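S.K.: There's a structure below that I have some questions on.
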Amino acid sequence: MDGIRLMDTLTGDVRPLVPLEPGHVRIYSCGPTVYGPAHIGNFRSFLFADLLVRHLRWRGLRVTWVMNVTDIDDKIIRGAASEGVGIDVLAERWLERFLADADTLRMTRPDVLPRATGHIAEMTALIETLLERGNAYRTPDGSIFFRISSWPAYGRLARLDPDQLRVGERVEADEYGKDDVRDFAVWKGPRGSEPSWDTAIGPGRPGWHIECSAMSMAHLGQSFDIHTGGVDLVFPHHEDEIAQSEAATGRSFVGTWLHCAHLQMAGSKMAKSTGNIAGVDDVVASGISPRALRYALIAVHYRQGLDAGDASLQAAAGAVDRLDTLLAALAAYEQAGPDDPDLPGVLQAARAGFGDALDDDLNASAALASLFDLVRDVNRRLAARALSSADTGRVRDLLRDLDRVLAILPDADDRLDADLERLLADRSAARAAHDWAGSDRLRDALARQGITVEDTRDGQRWRRAKIGDHA
RNA sequence: GGCGACGUGGUGAAGUGGCUUAACACGGAGGUCUGCAAAACCUCUAUUCACCGGUUCGAAUCCGGUCGUCGCCUCCA
């Protein structure tokens, strides 16, 4: 093991992660714009950050994770106006929904979820500095733009030559007056009935990019370790963040830029603008459990495109079921014999393989391979009756340990309600009486309620069904 | 038009110079076990890594070309 290595978008190489403060990693993730429900493509990028955070913590590092919430932007303004409510009402509603979906997918709650509207002062302070330093200028309508020509490094992150940028023919009315069409707004002057803040730099509202610069620096400092987002944010969003942040502070902004590839659906990018989307609720309604969805979203390397087709979701459900089955088997197994002398080595090797894979730029596929190698090995030992009852606890402990990173196993305290418990007890009794017809009837009844029951020499065992019910 | 990523079995996907005639998962075929079922385990399911050429003792892995897919090039994770 030679530490955690990550692929930095800016330099294009894989480098060891060296936190600015030893033992403490500061991470900023571009979060949701709360004007509607986030789709599972959005969640892929959030879950990839979650996986990173969980792995770093599993490695014993302290992590401060900040994810912004954009609660003021054109779409929110438009949506609120069409409903005749304030932007705060709309934002609050969709933020709640975002958090609920995030919980469903077992995303770690970020340490801070700063909102743009709560950081106007930080943004205007940053803009003032940019004005003072000559990196930004005002236009007649009260807007303020960042001057790209004042920042020679512009385009480095996206590997774009500013002179080659194909500038759109459409120029928004409010953007007339820019010195250069490529310049971007850090502050938008007041317009009609749009929300506006009275600030030291004048009335108006913030541009999108400045939000992330201000909020990340407010909560993590002028320089921090990792910034994550989807590849579509590389340009212009993150490019602009770097320019305005470094121009304002004179310091390096971010140590490592991490970008995850798009989730695709039917061969093309999942995006709200194309309507080619599926929400967490849509997938769950189709019978895929949240745990299986999480598995599908994190099982493929984050820089690899991923198609959320039915086949991959079904495969994920199958893989999760294999883990559930092992847990159920461990719980049901009883063997008084001596401990398996080989087990400690097997467990240690699995943990090492798992951790090493994730250290290597978060290679989740390889980490899962290590986990499933362990699953087969343990199943073999269970079948051979080589393990003791105490050994099953050791295996379970390791699975739970690895699951601190994966978060795909059933809850440790998952219990059936009383009615189902009774059906299980009845079935056990029927079997004891060799009442096979009754036993089969009860098994069917349980299956209809989403519980799979299986018989072993240690008695019956149960687990949640793969498809359908996922309480 | 510019820039970038990628192309591995029935499917998803790891591997990026010899340990790999290719991990792991899903699926399929056969077998063991079992009241039945399921699960699990065992065997089989790519002599081959888009195609062509080259470098090398040796390539899925490096180089060149061709074809194809996807993404970015102003607010989309």
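Heads up, the final residue of the first sequence is numbered 496 in the numbering used here, and it's a clean run with no missing numbers. All C-beta atoms, glycine included, are put in the ideal place defined by N, C-alpha and C. Keep in mind that this is a model prediction, so the values were computed, not measured.
#1: Flag this pair as yes or no: are the beta carbons of R230 and D349 separated by less than 8 Å?
#2: Could you name the residues that DSSP lists as bridge partners for C285?
#3: Anyone know if the C-beta pair for D257 and G280 falls short of 8 Å?
#4: Do three or more CB pairs link the stretch 226–245 to the stretch 292–303 at distances below 8 Å?
#5: With respect to the alpha helix (DSSP H) encompassing E271, which residues constitute its N-terminal and C-terminal limits?
#6: Report the residue from T142, R84, A450 and A63 whose alpha carbon sits nearest the alpha carbon of I112.
#7: What are the boundary residues of the beta strand (DSSP E) that includes A161?
#8: Please state whether DSSP places D204 in a helix, a strand or coil.
#9: What's the C-alpha gap between W119 and P62?
#10: How long is the line joining the alpha carbons of L182 and A409, rounded to whole angstroms?
#11: A437 to G312, Cα distance in whole Å?
#12: For a minimum of 3 consecutive residues, which ranges assigned as the beta strand (DSSP E) are wholly contained in the stretch 48–80?
#13: Beta-carbon separation of L355 and V420 under 8 Å?
#14: Inspect the CB distances between the stretch 265–276 and the stretch 148–158 and report whether three or more fall short of 8 Å.
#15: Cβ of T253 within 8 Å of Cβ of A74?
#16: As a quick exercise: from G418, S395 and M32, pick the residue whose alpha carbon is nearest that of L431.
#17: What do you get for G232, buried or exposed, if any count of 16 or more other CB atoms within 10 angstroms of its CB means buried?
#18: Indicate the three-state DSSP secondary structure (helix, strand or coil) for F123 in the structure shown.
#19: Would you identify the three-state DSSP class for T142, choosing helix, strand or coil?
#20: Apply the 10 Å Cβ neighbour rule to E46 and answer buried if 16 or more other Cβ atoms are within range, or exposed otherwise.
#21: Sort L351, A286, Q269 and P366 by Cα distance to R401 and report the nearest one.
#22: List the endpoints of the continuous alpha helix (DSSP H) containing A336.
#23: How long is the line joining the alpha carbons of E197 and F209, rounded to whole angstroms?
#24: Curious, which full-length alpha helix (DSSP H) runs of at least 4 residues does the stretch 86–113 contain?
M.R.: Let me spell this out:
#1: no
#2: G255
#3: no
#4: no
#5: E264 to T274
#6: Closest in alpha carbon position to I112, among T142, R84, A450 and A63, is T142.
#7: Run containing A161: A161 to R163, per the beta strand (DSSP E) assignment.
#8: Coil.
#9: 6 Å
#10: 55 Å
#11: 22 Å
#12: 49–54
#13: yes
#14: Verdict: yes, contact present.
#15: In this structure, T253 lies near A74, with their beta-carbon atoms less than 8 Å apart.
#16: S395
#17: Buried, since its Cβ has 16 or more Cβ neighbours within 10 Å.
#18: helix
#19: Helix at T142.
#20: exposed
#21: L351
#22: D335 to A357
#23: For E197, the pLDDT reaches just 47, beneath the cut-off of 50, and the residue's location in the model is therefore unreliable, although a value from the coordinates is still provided. Those two C-alpha atoms are separated by around 12 Å.
#24: 99–108
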